[in-house]
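These protein sequences, in sequence, are chains U and Z. Note that numbering that gives the first Met the number 0 has the first sequence beginning at 0, numbered continuously upward. Note that numbering that gives the first Met the number 0 has the second sequence beginning at 0, numbered continuously upward.
Protein chains: 2
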Amino acid sequence: MSSQKNILIVGTGGVGAVFGSRFQYAGARVSVVCRSNFNKVKESGFTIRSLKFGNTVFVPDCVISAKNDQAFDSVFYDYVFVSTKSLPNVENPALAILPFINSPDTIIVLLQNGIGVEDPFSILFPNNPILSCVVRVNSTQIEPSIIQHGTLCCLLYNFYTSLKSPKFSDTILKEFDAFLKLAKVESIISPNIQKERWLKLAWNAAFGSISVLSGGKDGKSLAEDIYTCTLMRDTMREVFAVGHAVLSEPLVDGSIEESIESYVSLVLTRPNAVYPSMLYDYQFKRPMEHQVIIKNPIDLAEKAKVSTPLLKTLYALLISIEGGRL
Amino acid sequence: MSSQKNILIVGTGGVGAVFGSRFQYAGARVSVVCRSNFNKVKESGFTIRSLKFGNTVFVPDCVISAKNDQAFDSVFYDYVFVSTKSLPNVENPALAILPFINSPDTIIVLLQNGIGVEDPFSILFPNNPILSCVVRVNSTQIEPSIIQHGTLCCLLYNFYTSLKSPKFSDTILKEFDAFLKLAKVESIISPNIQKERWLKLAWNAAFGSISVLSGGKDGKSLAEDIYTCTLMRDTMREVFAVGHAVLSEPLVDGSIEESIESYVSLVLTRPNAVYPSMLYDYQFKRPMEHQVIIKNPIDLAEKAKVSTPLLKTLYALLISIEGGRL
Numbered sequence: 000m001s002s003q004k005n006i007l008i009v010g011t012g013g014v015g016a017v018f019g020s021r022f023q024y025a026g027a028r029v030s031v032v033c034r035s036n037f038n039k040v041k042e043s044g045f046t047i048r049s050l051k052f053g054n055t056v057f058v059p060d061c062v063i064s065a066k067n068d069q070a071f072d073s074v075f076y077d078y079v080f081v082s083t084k085s086l087p088n089v090e091n092p093a094l095a096i097l098p099f100i101n102s103p104d105t106i107i108v109l110l111q112n113g114i115g116v117e118d119p120f121s122i123l124f125p126n127n128p129i130l131s132c133v134v135r136v137n138s139t140q141i142e143p144s145i146i147q148h149g150t151l152c153c154l155l156y157n158f159y160t161s162l163k164s165p166k167f168s169d170t171i172l173k174e175f176d177a178f179l180k181l182a183k184v185e186s187i188i189s190p191n192i193q194k195e196r197w198l199k200l201a202w203n204a205a206f207g208s209i210s211v212l213s214g215g216k217d218g219k220s221l222a223e224d225i226y227t228c229t230l231m232r233d234t235m236r237e238v239f240a241v242g243h244a245v246l247s248e249p250l251v252d253g254s255i256e257e258s259i260e261s262y263v264s265l266v267l268t269r270p271n272a273v274y275p276s277m278l279y280d281y282q283f284k285r286p287m288e289h290q291v292i293i294k295n296p297i298d299l300a301e302k303a304k305v306s307t308p309l310l311k312t313l314y315a316l317l318i319s320i321e322g323g324r325l
Numbered sequence: 000m001s002s003q004k005n006i007l008i009v010g011t012g013g014v015g016a017v018f019g020s021r022f023q024y025a026g027a028r029v030s031v032v033c034r035s036n037f038n039k040v041k042e043s044g045f046t047i048r049s050l051k052f053g054n055t056v057f058v059p060d061c062v063i064s065a066k067n068d069q070a071f072d073s074v075f076y077d078y079v080f081v082s083t084k085s086l087p088n089v090e091n092p093a094l095a096i097l098p099f100i101n102s103p104d105t106i107i108v109l110l111q112n113g114i115g116v117e118d119p120f121s122i123l124f125p126n127n128p129i130l131s132c133v134v135r136v137n138s139t140q141i142e143p144s145i146i147q148h149g150t151l152c153c154l155l156y157n158f159y160t161s162l163k164s165p166k167f168s169d170t171i172l173k174e175f176d177a178f179l180k181l182a183k184v185e186s187i188i189s190p191n192i193q194k195e196r197w198l199k200l201a202w203n204a205a206f207g208s209i210s211v212l213s214g215g216k217d218g219k220s221l222a223e224d225i226y227t228c229t230l231m232r233d234t235m236r237e238v239f240a241v242g243h244a245v246l247s248e249p250l251v252d253g254s255i256e257e258s259i260e261s262y263v264s265l266v267l268t269r270p271n272a273v274y275p276s277m278l279y280d281y282q283f284k285r286p287m288e289h290q291v292i293i294k295n296p297i298d299l300a301e302k303a304k305v306s307t308p309l310l311k312t313l314y315a316l317l318i319s320i321e322g323g324r325l
């Protein structure tokens, strides 16, 4: 086995493409699995317009079509990155990588938002190390294979599981950290990655669902309206309470109100309107990620006996309007 | 003054037209104020297709245009019935009858849904008796001046105000009761009309707002979906709690759960899909009655220190989607 890292990226929208480009820059052989943008990427790779890294063309070493799911691969991948949407209510997300995992040494790296996204992978691949990540990359695929990227490129991560078998060793974390640094990706080994996931969820759950249900408002408009801003704050408070109960510790050391305030301030001071991916999904009549962003937290809250009237309301309305569209 | 009753009906949709027809049948002189259906009604009256009363044409004694608001009237009306929508957030609803009230003896009869609908009238006409009603009439204006009516025709009512001045006497109630009976309208003098209003509101608040926010589902579909049905039940529970606190007594003698169950059963066993007026208003880009149906109850709940997370959520989303449409 050559020392060159062999990497697969499944789901190459804005996030997957930027990471793929960085990993190739760091010397890895990078394969990508594409769905809607397959033809474009196969033809001419990704055009990446990045404020952080400059304008580049990223031509993957191998482009695989997601539709050709018989394409079992005999290649050994050091890392399989999953940056598809997480839709366990539609299909088992772990099946997307089944053709590509032929060794327990392949490290599965999950870049998805939400709570409980790791479960389908840990069930299907119980012997593989799974790295659960919180992604901070402000990139979008503005048209198939054309990626607009800002200045953020950061991964927070740690193992999914408290199990500290030898395989789930610090060596894996150190190697991954070194590789990310080589790729000029900011690397943060989080002492409590689930806490980070809940912190990100507080924003995603409130912003995504309320944007869709309010008729398609951007974050700034929602924050400027007293009623929707109050609703966003109340929803975030609910998520903080659930996360606290599920993890048996507060999500932040300081004041929850200050955290919520910082989310709201951030969106109020942004120069441009920012829309959540859930709204794009709704507008383009694609399934929304309401399972991992709202329903899984509600289910965990019930087990922890925490009341979630707002999350339940938003969920009921979201699946109802989705049902009339899909 | 002749003994013939002189009646004005302001707002002649399905409800106003059916009552007008009945009052003329009972021997009254009936004038109507029309908005969108003025030309049609002026030309040929109302065609009323009623399962209860048979098919009739109701030609009002006088048809007044709502747009001609300079038309101050020197006629004395015994009763002014108000069956317009209640939109205090858009305009003062009491102004619609200002040209027609020239005596403190005119009895104002409010047929509108919601809480606090009487306030604008009691402020503008502090000396007139105001009868607050809960209307049970299943009629719809299927096209301008064409009314479809089922089998219900009932009014529950009593004075708005606890003030028992001589003018607000039992004589007024008795006369009104006798007149309704003559008109073959079922007449129920309610010992606690505000309680009846809250009971009706429990359904209206839940059904109207959730129908709109769920993408336009009818009552039966909402009740058949476990998530939206749970949301409707929870919303009704909230309204019951607010009404209880505001009136300082429970809305029903028995179990709240049984009352909620009866609302849900009723809608589940209906042969046809039934849609709330709030949905029609939303679909036709007209203002919705969210002020009197949701916001006023929220404000009263705050004063009574009752928590209303669901009503607040529904309200925030409703005014947000309305803002993008009107």
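Ideal placement from N, C-alpha and C gives every residue a C-beta, glycine not left out.
Simplified DSSP assignment, three categories, for residue i
i: V17 (chain Z); result: helix
i: E321 (chain Z); result: helix
i: Y314 (chain Z); result: helix
i: Y156 (chain U); result: strand
i: N191 (chain U); result: coil
i: N137 (chain Z); result: strand
i: Q23 (chain U); result: helix
i: S186 (chain Z); result: strand
i: L278 (chain U); result: helix
i: T227 (chain Z); result: helix
i: Q290 (chain U); result: helix
i: L151 (chain U); result: strand
i: V305 (chain Z); result: coil
i: P142 (chain Z); result: Residue identity check: residue 142 (chain Z) is Glu in the sequence provided, not Pro. Here E142 (chain Z) sits in strand by DSSP.
i: L299 (chain Z); result: helix
i: S131 (chain Z); result: strand
i: V9 (chain U); result: strand
i: P119 (chain U); result: helix
i: K180 (chain Z); result: helix
i: E248 (chain Z); result: coil
i: R285 (chain U); result: coil
i: K219 (chain Z); result: helix
i: G253 (chain U); result: coil
i: R232 (chain Z); result: helix
i: N203 (chain U); result: helix
i: T268 (chain Z); result: coil
i: K173 (chain U); result: helix
i: V241 (chain Z); result: helix
i: S213 (chain U); result: coil
Whole-angstrom C-beta distance between residue j and residue i, which should lie under 8 Å
i: V266 (chain U); j: G115 (chain U); result: Actually they are not in contact, since the Cβ atoms of V266 (chain U) and G115 (chain U) sit about 26 Å apart, beyond 8 Å.
i: N127 (chain U); j: I107 (chain U); result: 5 Å
i: Y274 (chain U); j: S210 (chain U); result: 7 Å
i: E195 (chain Z); j: L155 (chain Z); result: 5 Å
i: L123 (chain U); j: A93 (chain U); result: 4 Å
i: Q111 (chain U); j: V81 (chain U); result: 7 Å
i: Y76 (chain U); j: N157 (chain U); result: The Cβ separation is near 20 Å, so there is no contact.
i: F175 (chain U); j: L130 (chain U); result: 7 Å
i: L212 (chain U); j: L86 (chain U); result: Going by Cβ atoms, the distance from L212 (chain U) to L86 (chain U) rounds to 19 Å, so no, they are not a contact pair.
Residue i: CB within 7 Å of a non-hydrogen atom of the ligand NAP
i: D252 (chain Z); result: The ligand NAP is not part of this structure, which contains no ligands at all.
Interface partners of residue i on chain A, CB under 9 Å
i: G323 (chain U); result: Here chain A cannot be found, since the structure's protein chains are U and Z.
Listed from N- to C-terminal order along the chain, which residues in the region 204 to 218 of chain Z have their beta-carbon within a distance smaller than 9 Å of any beta-carbon of chain U? I209, L212, S213, G214, G215, K216
Which runs of the beta strand (DSSP E) spanning at least 3 residues fall entirely within the region 28 to 116 of chain U, listed in chain order? 28 to 33, 45 to 49, 53 to 57, 61 to 64, 78 to 81, 106 to 109
Should the region 183 to 202 of chain Z be called in touch with the region 279 to 288 of chain U, which here means at least 3 C-beta pairs below 8 Å? no
Are at least three pairs of beta-carbons, each pair with one atom in the region 143 to 151 of chain Z and one in the region 114 to 122 of chain Z, less than 8 Å apart? no
Check distances from the C-beta atoms of the region 277 to 307 of chain Z to those of chain U and list, in chain order, the residues that come in under 8 Å. none
Is it true that the region 262 to 280 of chain Z meets the region 179 to 196 of chain Z, where meeting means three or more beta-carbon pairs spaced less than 8 Å apart? no
Members of the region 224 to 254 of chain U near chain Z, C-beta cut-off 8 Å: D224, Y226, T227, T229, L230, D233
For the region 307 to 320 of chain U, list every residue whose C-beta sits within 8 Å of some C-beta in chain Z, in sequence order. P308, L309, K311, T312, L313, Y314, A315, L316, I318, S319, I320
Taking contact to mean 3 or more Cβ pairs, one atom from each stretch, closer than 8 Å, check whether the region 295 to 304 of chain U and the region 216 to 225 of chain Z are in contact. no
Three or more C-beta pairs closer than 8 Å, one from the region 55 to 63 of chain Z and one from the region 13 to 32 of chain Z: is that the case here? yes
Count the C-beta pairs between the region 233 to 240 of chain Z and the region 251 to 262 of chain Z that are closer than 8 Å, then say yes if the count reaches three, no if not. yes
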